[in-house]
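Quick note on the numbering used here: the first sequence kicks off at 42 and runs consecutively.
Note that beta-carbon positions come from the ideal geometry of N, C-alpha and C, so glycine has one too.
Please read all numbers here as calculations on a predicted model, not as lab measurements.
Report on the structure given below.
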Amino acid sequence: MVPMKESSFDQRVYQQIARIPCGQLATYGQIAELIGEWGCARQVGWALRRLPLPSPLPWHRVVNAQGRLAMTLSRQGSDWMQRDLLLAEGIPVDLQGRLPLNQHRWQGETQPEQRP
DNA sequence: AGAATGACGCTGA
DNA sequence: TTCAGCGCCATTC
Numbered sequence: 042m043v044p045m046k047e048s049s050f051d052q053r054v055y056q057q058i059a060r061i062p063c064g065q066l067a068t069y070g071q072i073a074e075l076i077g078e079w080g081c082a083r084q085v086g087w088a089l090r091r092l093p094l095p096s097p098l099p100w101h102r103v104v105n106a107q108g109r110l111a112m113t114l115s116r117q118g119s120d121w122m123q124r125d126l127l128l129a130e131g132i133p134v135d136l137q138g139r140l141p142l143n144q145h146r147w148q149g150e151t152q153p154e155q156r157p
């Protein structure tokens, strides 16, 4: 059972994930940074691992900075479900779990704005 | 308490 | 581009 107090790390992670626009992607490190926990990318991963599925959250929009899905058997196939959900949003995912992260990167709510 | 694990990130070969 | 190593830190044994 979860210990009371929903003001936990996990809750902040979920809240931030819920803000990711449809069709865009965010990395674990990016989520950690947005909640003020820079360097805690792994904790974000655990937060998602503890997330019960199915979930209303767009957890599938969170990928690693390498632009690939973590295809580990520890997830019991949830990685393939993530791939399926991403394809449904128009994001092409390679069979190796690679995807065009650079083209779907969520800039958060701040954009450096440096385009020609 | 100490060691191992992991849905990560970055650098270097 | 792919692979290995190191740093990171909560969770688990």
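For residue i, report the span of its alpha helix (DSSP H) as first-last.
i, result
"His145", "142-145"
"Met112", "Unbroken run through Met112: none, as it is neither H nor E."
"Val54", "50-58"
"Trp166", "In this structure the chain extends from 42 to 157, so residue 166 is not present and cannot be described."
Check this for me: beta carbons of residue i and residue j, under 9 Å apart or not?
i, j, result
"Ala82", "Tyr69", "yes"
"Leu110", "Trp100", "no"
"Leu89", "Leu142", "no"
"Arg102", "Glu78", "no"
"Gln71", "Phe50", "no"
Identify whether residue i lies in helix, strand or coil by the three-state DSSP scheme.
i, result
"Leu89", "helix"
"Leu66", "strand"
"Met42", "Residue placement at Met42 is poorly supported in this model, since its pLDDT is 43, which falls under 50; the coordinates are not used for a value here."
Report the option in the options whose CA atom is closest to the CA atom of residue i.
i, options, result
"Ser119", "Val104, Asp51, Pro133", "Val104"
"Leu127", "Phe50, Asp51, Gly64, Ser115", "Gly64"
"Arg139", "Arg53, Tyr55, Pro97, Asp125", "Asp125"
"Ala106", "Ala73, Gln52, Tyr55", "Ala73"
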